[in-house]
Amino acid sequence: MLEVVETFVSINGEGQKAGQLACFIRMKGCNLNCTYCDTKWANQEDTPFQNKTKEELYEWVKESGVKNVTITGGEPLLQKEIGALLELFAKDDELNVEIETNGSVDIRPFLFEKNAPSFTLDYKLGGSKMDSFMLVENYKYISNKDTVKFVCKDEADFYQALSVIKKYQLTNITKVYLSTAFGELSPKDMVELMKKEKLNGVHLQLQMHKYIWNPEKKGV
Ligand code: SF4
Numbered sequence: 003m004l005e006v007v008e009t010f011v012s013i014n015g016e017g018q019k020a021g022q023l024a025c026f027i028r029m030k031g032c033n034l035n036c037t038y039c040d041t042k043w044a045n046q047e048d049t050p051f052q053n054k055t056k057e058e059l060y061e062w063v064k065e066s067g068v069k070n071v072t073i074t075g076g077e078p079l080l081q082k083e084i085g086a087l088l089e090l091f092a093k094d095d096e097l098n099v100e101i102e103t104n105g106s107v108d109i110r111p112f113l114f115e116k117n118a119p120s121f122t123l124d125y126k127l128g129g130s131k132m133d134s135f136m137l138v139e140n141y142k143y144i145s146n147k148d149t150v151k152f153v154c155k156d157e158a159d160f161y162q163a164l165s166v167i168k169k170y171q172l173t174n175i176t177k178v179y180l181s182t183a184f185g186e187l188s189p190k191d192m193v194e195l196m197k198k199e200k201l202n203g204v205h206l207q208l209q210m211h212k213y214i215w216n217p218e219k220k221g222v
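With the first letter of the sequence shown counted as 1, position 21 gets the number 23 in the working numbering; the numbers rise by one all the way through.
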């Protein structure tokens, strides 16, 4: 069984498929506690959830007619049966599955040979107070279909992101996205920093869903 707090169809607000429709599956619980977390409600012990089988989730996706699947949380890779769910999805060539993971969990068990999911790995910066949990070993196993994402709260976060990008030469191995913590560092200031540092090969991304709907709205 998988502990699911919500399923819905919407556009991907971020990532390589931003703007495209996707089936969202949000899992309960997280091992981190970021200062700016916008899904704390999904992480608490007493958060209501439904136990779903992998087959139920697969059938829901197929019935929706939408081929992108975004599995998020919380931290979805902590679910005991997440491997079995991903294996089931991987058997269906029509589906494009993306996992949004917080960067603290080993991705190696999910690197299937055929139709593996793509990973969006967060790198939690100092502003989150969770940077000591980052598992940079994961960078050995990612490619251009995957993404490393940095959410910056302030200028110090931006420069920490820069040093991580350079240290692991991330732009040579994967897609790199910079995002601002909503309501903190402004996107305009981020662009100025990117210009100042002549930052090539890195994307600024805005969380599109927070501009389309009320930023607090769930299920979009
Ligand atoms: S990793 Fe994500 S879900 Fe977990 S506390 Fe941080 S922002 Fe929230």
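Note that CB positions come from ideal geometry on N, CA and C, so glycine has one too.
Point to revise | Extent of the continuous beta strand (DSSP E) run through I13 | key: L4 to I13
Exercise for review: Go to I27, then tell me how far its beta strand (DSSP E) extends in each direction, as first and last residue.
Suggested key: Counting along the chain, I27 sits inside the beta strand (DSSP E) bounded by residues L23 to M29.
**Study point:** Backbone secondary structure at K56 - three-state DSSP
**Key:** helix
Check your understanding: Whose CA, out of D40, L23 and K64, lies closest to the CA of K93?
Key -> K64
**Study point:** Cα-Cα separation between K147 and E102, rounded to whole angstroms
**Key:** 13 Å
Check your understanding: What did DSSP end up calling F152 once you bin it into helix, strand or coil?
Key -> In the three-state reduction of the DSSP assignment, F152 falls in the strand class, which pools E and B.
Practice item. Out of C39, V71 and V166, point me to the one whose CA is closest to S12's CA. Key: V71
Review point. Who sits around the ligand SF4, taking every residue whose Cβ is closer than 6 Å to one of its heavy atoms?
Key: Going along the chain, the residues that qualify are C32, L34, N35, C36, C39, T41, N45, G75, G76, E77 and N104.
Check your understanding: For the beta strand (DSSP E) that contains S145, what are its first and last residues?
Key -> Taken as a continuous stretch (DSSP letters only), S145 belongs to no beta strand (DSSP E), as it is neither H nor E.
Point to revise | I214, buried or exposed, once every other Cβ within 10 Å from all chains shown has been counted against 16 | key: Taking a 10 Å sphere around the C-beta of I214, we find fewer than 16 other C-beta atoms and assign the residue as exposed.
Practice item. Identify every run of the beta strand (DSSP E) within the stretch 41 to 98, keeping only runs that are complete inside it and at least 3 residues long; order them along the chain. Key: Runs of the beta strand (DSSP E) inside the stretch 41 to 98: 52 to 54 and 70 to 74.
**Study point:** Counted within 10 angstroms of its Cβ, other Cβ atoms place Q81 as buried (16 or more) or exposed
**Key:** Under this definition Q81 is a buried residue.
Check your understanding: Three-state secondary structure (DSSP) at F121?
Key -> strand
Point to revise | Pairwise C-alpha distance: F91 and Y60 | key: 7 Å
Exercise for review: Within the same chain, show all residues whose beta-carbon is closer than 6 Å to that of D124, passing over the 5 residues directly before and after it, in chain order.
Suggested key: N104, G105 and K151
Review point. Hey, would you say Y247 sits closer than 9 Å to I167, going by beta carbons?
Key: Since the first residue of the chain shown is 3 and the last is 222, residue 247 is not available in this structure.
Check your understanding: If we ignore side chains and look at the alpha-carbon of each, how far apart do M192 and L127 end up?
Key -> Those two C-alpha atoms are separated by around 15 Å.
Review point. Leaving out five residues before and five after P111 in sequence, what residues of the same chain have Cβ atoms less than 6 Å from its Cβ?
Key: So the qualifying residues of the chain are G85.
Check your understanding: For T173, which of helix, strand or coil comes out of DSSP?
Key -> In this structure, T173 counts as helix in the three-state DSSP scheme.
Review point. Taking Cβ positions, are L137 and E77 nearer each other than 9 Å?
Key: no
Exercise for review: If I'm right that G17 touches T149 with Cβ under 8 Å, what's the distance once you round it to whole angstroms?
Suggested key: Contact holds; Cβ gap of about 6 Å.
**Study point:** Nearest neighbour of F184, chosen from L208, F51, N53 and G67 [CA to CA]
**Key:** L208
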